[in-house]
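A.B. asks: Note that numbering that gives the first Met the number 0 numbers the sequence shown so that position 167 is 166, with each residue one more than the last. A virtual CB, placed ideally from N, CA and C, is assigned to each residue, including glycine. Below is one structure. I have some questions about it.
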Amino acid sequence: MKRKVLVTRRPPEHVLAQLQNEFEVDFWDSEEEQIPRNTLLEKMNDVDGILCLITEEINEEVLDKGNRLKVISNLAVGYNNIDVQAASAKGIMVTNTPGVLTETTADLTFALLLATARRLVEASQVLREGKWKTWSPMFLTGMDVHSSTLGIIGLGEIGAAVARRAKGFGMNILYYNRSRKHAIEQELGVKYVEKEELLRKSDFVCILTPLTKETKNLITKKELNLMKKTAILINTSRGGIVNEQDLVEALENGEIWGAGLDVFEQEPVPVDHRLLKFPNVVTTPHIGSASINTRIKMWELAAKNLTAALKGEIPPNLVNK
Ligand code: DGY
0 MKRKVLVTRR PPEHVLAQLQ NEFEVDFWDS EEEQIPRNTL LEKMNDVDGI LCLITEEINE
60 EVLDKGNRLK VISNLAVGYN NIDVQAASAK GIMVTNTPGV LTETTADLTF ALLLATARRL
120 VEASQVLREG KWKTWSPMFL TGMDVHSSTL GIIGLGEIGA AVARRAKGFG MNILYYNRSR
180 KHAIEQELGV KYVEKEELLR KSDFVCILTP LTKETKNLIT KKELNLMKKT AILINTSRGG
240 IVNEQDLVEA LENGEIWGAG LDVFEQEPVP VDHRLLKFPN VVTTPHIGSA SINTRIKMWE
300 LAAKNLTAAL KGEIPPNLVN K
């Protein structure tokens, strides 16, 4: 008898066909709508594996219903939506999709950095609203990216990919990480500094560390106050790492110059959120890995992890320790 898996969104045709070859597949047949919580809970009792998205919180409530559950395959590199400790305690494997999204997420991070520094969204808006009167020397002037200092908090794969891009722009690169990355220091000439020094010296601070208990609220009022008044904060990792209330205040008080945000504490971010009101804050709806090729590769890798785990193999991207 085929094992049963639940996929919490509609997968691409070829991935679905691949999964159907191996398993009895139940999937939530929508691209844009999230599986309702009750439906997810109801479906858990007879599935051997689940392929889920960051929109599903896989906590004890879900795990308790999954009597037969062997694997949770997340369609993301980040897995803060899953209680990995609770899953491990029940012998359930957890997997993610690293690697395939590294360059695409680094592209978006750099795009946000450039867009914020050079006020691209604001400039486009001004033009469309007919407010472009004449060429003026200081009209829509922004910050230089070339030759500036970039501080990367979290020098993992994506952090290193951002550093490579920054090198091409002639930026001076600092980083702060749990552990030193000697190979990347050698390759790119990036310099390790303590968090406080990074915040004080950087013109751009990029948050690229995963959200964990340790990194929650890593950036609060205190850290924002250390930053230059001309500095820009970029976050393409997870919302909870930056305290949004403190960020709003820092922007209101001119403690920092601007921010580029792809992620928020609550997603979708409420449309009346104060962060969406600043002209010097560029916001995108969690699209870091959103290129067509990369999203397809993420689906393929998530399916591969799920399949390997249910065949009794060690999946390529197991995250349980
Ligand atoms: C990830 O992979 O963690 C992204 O944030 C979702 O695309």
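1) Are residue 238 and residue 262 touching if we call contact CB-CB under 8 Å?
2) On the criterion of 16 or more Cβ atoms from any shown chain inside 10 Å, does residue 285 qualify as buried, or is it exposed?
3) Give the straight-line distance between the Cα atoms of residue 296 and residue 130, rounded to the nearest whole angstrom.
4) Taking only heavy atoms of the ligand DGY into account, decide whether any of them is closer than 7 Å to the Cβ of residue 76.
5) Pick helix, strand or coil for residue 92, following the three-state DSSP scheme.
6) CB of residue 312 to nearest heavy atom of the ligand SAM: below 7 Å?
7) Quick check on the DSSP output: the beta strand (DSSP E) that includes residue 234 runs from which residue to which?
8) Using a Cβ-Cβ cut-off of 6 Å (strictly less than) and excluding sequence neighbours within five positions of residue 180, which residues of its own chain qualify?
9) Is the separation between the beta-carbon of residue 150 and that of residue 173 shorter than 8 Å?
10) Between which two residues does the beta strand (DSSP E) carrying residue 165 extend?
11) Judging by CA-CA distance, which residue of 195, 177, 191, 224 is the nearest neighbour of residue 214?
12) Does the distance between the C-beta of residue 285 and the nearest non-hydrogen atom of the ligand DGY fall short of 7 Å?
13) With DSSP as the reference, identify every bridge partner of residue 2, one or two as the case may be.
14) How about residue 325 and residue 123: are their beta carbons less than 8 Å apart?
15) Check whether the region 244–260 and the region 219–228 are in contact - that is, three or more C-beta pairs closer than 8 Å.
16) Within 10 angstroms of the Cβ of residue 201, are there 16 or more other Cβ atoms? Answer buried if so, exposed if not.
17) Below 8 Å, can you find three or more Cβ-Cβ pairs linking the region 80–93 to the region 62–71?
18) Consider the C-beta atom of residue 100 and the heavy atoms of the ligand DGY; say whether any pair is separated by less than 7 Å.
19) So, at 8 Å on beta carbons, what are the nonlocal neighbours of residue 117 in its own chain, with the 5 sequence-adjacent residues on each side left out?
20) So, with DSSP's three-state summary, where would you put residue 327?
21) Determine the closest residue to residue 229 out of 192, 260, 253, with distance taken between C-alpha atoms.
22) Would you check if the distance between the CB atom of residue 28 and the CB atom of residue 9 is smaller than 8 Å?
23) For residue 151, write down the residues that DSSP places opposite it in a beta bridge.
24) Check the DSSP bridge columns for residue 191 and list the partner residues they point to.
25) On the DSSP letters alone, give me the boundaries of the alpha helix (DSSP H) that residue 292 sits inside.
26) Pick out whichever of 259, 196, 76 has its Cα sitting closest to the Cα of residue 206.
C.D. replies: Based on what the coordinates show:
1) yes
2) buried
3) 43 Å
4) Yes.
5) strand
6) Ligands in the displayed structure: the ligand DGY; the ligand SAM is not one of them.
7) 231–234
8) 154
9) Cβ atoms of residue 150 and residue 173: closer than 8 Å.
10) First-last for residue 165: 156–167, but that is the alpha helix (DSSP H), not the beta strand (DSSP E).
11) Check the Cα spacing between residue 214 and each of 195, 177, 191, 224: the tightest is with 177.
12) yes
13) 22
14) Any property of residue 325 remains undetermined from this structure, which presents the chain solely from 0 to 320.
15) yes
16) buried
17) yes
18) When distances are taken from the beta-carbon of residue 100 to the heavy atoms of the ligand DGY, the shortest one is below 7 Å.
19) Within the same chain, residue 117 has close Cβ partners 141, 142, 144.
20) Nothing about residue 327 can be read from this structure; the chain reaches only from 0 to 320.
21) 253
22) yes
23) 174, 205
24) Residue 191 has 174 as its beta-bridge partners, per DSSP.
25) 291–309
26) If we check each option's Cα against that of residue 206, 259 comes out closest.
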